[in-house]
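Take a look at the structure set out below.
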Amino acid sequence: MEGDIALMGAYIGAGLAAIGCGAAGIGVGHIAGNFLSGALRNPSAAASQMANLFVGIAFAEALGIFAFLIALLLMFAV
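Our numbering applies: residue -18 is where the sequence shown begins, and numbers increase by one.
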């Protein structure tokens, strides 16, 4: 009985950690949308901001990957 409760808690925690994967997608959308908005307002500055775009996307995706890793650890390491 005690093992079932611990397993249930691990699955609930994995589900909550998986929310971070969806949040990373939302973050990447915001980053790309804001870059596109700025590039359309000032096309001459878009090329110089491309590196910042890729760094921002990489950081947002890294957080999503970490959330996915935590979810997998909670599901299969119990």
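Glycine included, each C-beta is placed from N, C-alpha and C at the ideal position.
| Asked | Found |
| --- | --- |
| Residues near A4 by beta carbon distance below 8 Å, same chain, minus five either side | L44, G45, A48 |
| Inter-residue Cα distance where the pair is G19 and G(-16) | 53 Å |
| N23 in three-state terms, based on DSSP | coil |
| Inter-residue Cα distance where the pair is L53 and I12 | 27 Å |
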